[in-house]
Amino acid sequence: MAGDLKNVTDASFEEDVLKSDKPVLVDFWAAWCGPCRQIAPSLVAIAQEHGDQIEVVKLNIDENPATAAKYGVMSIPTLNVYQGGEVAKTIVGAKPKAAIVRDLEPFLGDATAKA
7 MAGDLKNVTD ASFEEDVLKS DKPVLVDFWA AWCGPCRQIA PSLVAIAQEH GDQIEVVKLN
67 IDENPATAAK YGVMSIPTLN VYQGGEVAKT IVGAKPKAAI VRDLEPFLGD ATAKA
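The working numbering numbers the first residue of the sequence shown as 7 and each following residue consecutively.
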């Protein structure tokens, strides 16, 4: 179900996300979450279209509760953009792909013109 997106875990989060040299969009999700499944294809498309500027990964909150708790994820889907080891943007709830891309524009440079 995660499509082409990399799954990160509590154990790999620091290395995969916080130490990344480019912004990372983390999709906090769970298998039972309908809206999470709804936005998954959009996130895969964003990863394919903008992967050179932003990394898109998934974190299953049921399997990795420590990271979700650390960042105060209370409802899912929650999309956090991490830049330089810090949360730079939080998007809560299922949104259409165009709205997610709009929210990500500060991290995508000029590539959003084609989105």
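We put the CB at the ideal spot given by N, CA and C, even for glycine.
As the structure is a computational prediction, the values presented were derived from the model and not from experiment.
- V14 and D22 have their C-alpha atoms some 7 Å from each other.
- Excluding the 5 residues flanking it on each side, K95 has same chain C-beta neighbours closer than 6 Å at V87, in chain order.
- Within its own chain, the residues whose Cβ lies closer than 8 Å to the Cβ of P41, once the five positions on either side in sequence are excluded, are I82, P83, G99 and A100, listed in chain order.
- Sequence-distant partners of D10 (beyond 5 residues in either direction) whose C-beta falls short of 6 Å from its own C-beta, in its chain, are V50.
- A direct Cα-to-Cα measurement between K25 and Q59 gives close to 15 Å.
- The alpha-carbon of V63 is positioned some 13 Å away from that of A36.
- Rounded to the nearest angstrom, the gap between the Cα atoms of Q89 and V30 is 7 Å.
- Under the criterion of beta carbons closer than 8 Å, V107 and I52 qualify as touching, at roughly 6 Å.
- Annotation: the continuous alpha helix (DSSP H) that includes Q54 extends over G40 to H56.
- The DSSP-derived three-state label of I106 is helix.
- Boundaries of the alpha helix (DSSP H) harbouring A75: P71 to K76, taken from the DSSP string.
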